[in-house]
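Student: Residue numbering for the sequence shown follows the working numbering, starting at -16 and increasing by one per position.
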Amino acid sequence: MSFYRFARAVVLSMFRVVFRVRVVGKDRVPATGAYIVAPSHRSILDIPFAAFITRREVRFLAKDDLFERPIGAKLFDALGAVKVERGTADRAALRALEDALVAGTPVAIFPEGTRRAGPEIEELFAGAAYLAVKLGVPIVPVGIGGSEHILPRGKVFPRIHRVAVSVGEPIVPPAPEGRARRSAATALTEQLRAELQRSFDDANRLAR
């Protein structure tokens, strides 16, 4: 935890100055208890940008190739990352996030699954909604505007661009039982897509 706080303070302080980060709606983030942060995803830098919404430790999924080198594995483990194998239904990663939520720790899941481009939030994966319905925890939609211009796909060197982070209203899931959970997760995913689009639109407007 001490390393997490140190690394977070260093990275976020630097990002705040360099990218002139503006955060709106921070008061909507639950002060206690577990919840799922569901950010838009346009850059590999979206994880630290999403961290601006709370001072609490947040567990997040990180692609497996970030753990290939020993230093990377130690760094991301210390930062609370959960390794996920891309292109698979990584049940072990979902179980790790579920354990964190049960323990009262917030987690972050990019519902778009991978980095996408453009202003539209399209079809989402259902993992975030599934965990929310199963555990009865809220989902917090977070739009991150401007990050797409910093390090687009295929680029090696970042460019300076203003970033805005807009927190939407938390979405409280229903409490269905048994097989009804699947249909509830599907409906919740569609609700999340609409709310995330609103937050993303707001963030993009503020980042211009």
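Just so it is clear, CB atoms sit at the ideal spot from N, CA and C, and this is done for glycine as well.
Span of the alpha helix (DSSP H) holding Leu84?
Tutor: That run of the alpha helix (DSSP H) goes Arg74 to Val85.
Student: Roughly how many whole angstroms lie between the Cα atoms of Ala190 and Glu160?
Tutor: Those two C-alpha atoms are separated by around 42 angstroms.
Student: What span of residues does the alpha helix (DSSP H) with Lys117 cover, start to end?
Tutor: Looking at the DSSP string, the run of the alpha helix (DSSP H) that includes Lys117 is Gly110 to Leu118.
Student: When the Cα of Pro22 is compared with those of Ile104, Lys57 and Glu40, which residue comes out closest?
Tutor: Checking every option, the nearest Cα to that of Pro22 belongs to Ile104.
Student: Assuming Ala91 contacts Val41 (C-beta within less than 8 angstroms), just tell me the rounded distance between them.
Tutor: Confirmed, Cβ separation roughly 5 angstroms.
Student: When you compare only the Cα positions, how much space is there between Gly16 and Ala163?
Tutor: Roughly 25 angstroms separates the two Cα atoms.
Student: DSSP three-state label for Phe2, please.
Tutor: Phe2 falls in the coil class under three-state DSSP.
Student: Kindly indicate which residue of Val155, Asp48 and Leu44 has the alpha-carbon position closest to the one of Gly119.
Tutor: For Gly119, the nearest C-alpha among the options comes from Val155.
Student: Cβ atoms of Leu80 and Thr172: under 8 angstroms apart, would you say?
Tutor: Cβ distance not < 8 angstroms, so Thr172 and Leu80 don't count as in contact.
Student: Could you tell me if the beta carbon of Val116 falls within a distance shorter than 7 angstroms of some heavy atom in the ligand NAD?
Tutor: Among the components of this structure there are no ligands whatsoever, and the ligand NAD is therefore not found.
Student: Taking DSSP as the reference, what is the three-state secondary structure of Lys66?
Tutor: Strand.
Student: With a threshold of 8 angstroms on Cβ separation, who are the neighbours of Gly110 within its own chain once the five nearest residues in sequence on each side are excluded?
Tutor: Result list for Gly110: Leu77, Ile92 and Pro94, in chain order.
Student: So Ala163 is in the alpha helix (DSSP H); what residue range does that whole segment cover?
Tutor: Segment Ala163 to Leu189, the alpha helix (DSSP H) holding Ala163.
Student: Kindly identify the DSSP beta-bridge partner or partners of Ala91.
Tutor: Answer by DSSP bridge pairing, in chain order: Val20 and Phe43.
Student: Within 10 angstroms of the Cβ of Val185, are there 16 or more other Cβ atoms? Answer buried if so, exposed if not.
Tutor: Residue identity check: residue 185 is Asp in the sequence provided, not Val. Asp185 should be labelled buried.
Student: Under the three-state reduction of DSSP, which class applies to Ser26: helix, strand or coil?
Tutor: Note: Ser26 maps to coil in three-state DSSP.
Student: Would you identify the three-state DSSP class for Ile143, choosing helix, strand or coil?
Tutor: DSSP places Ile143 in coil when its eight states are reduced to three.
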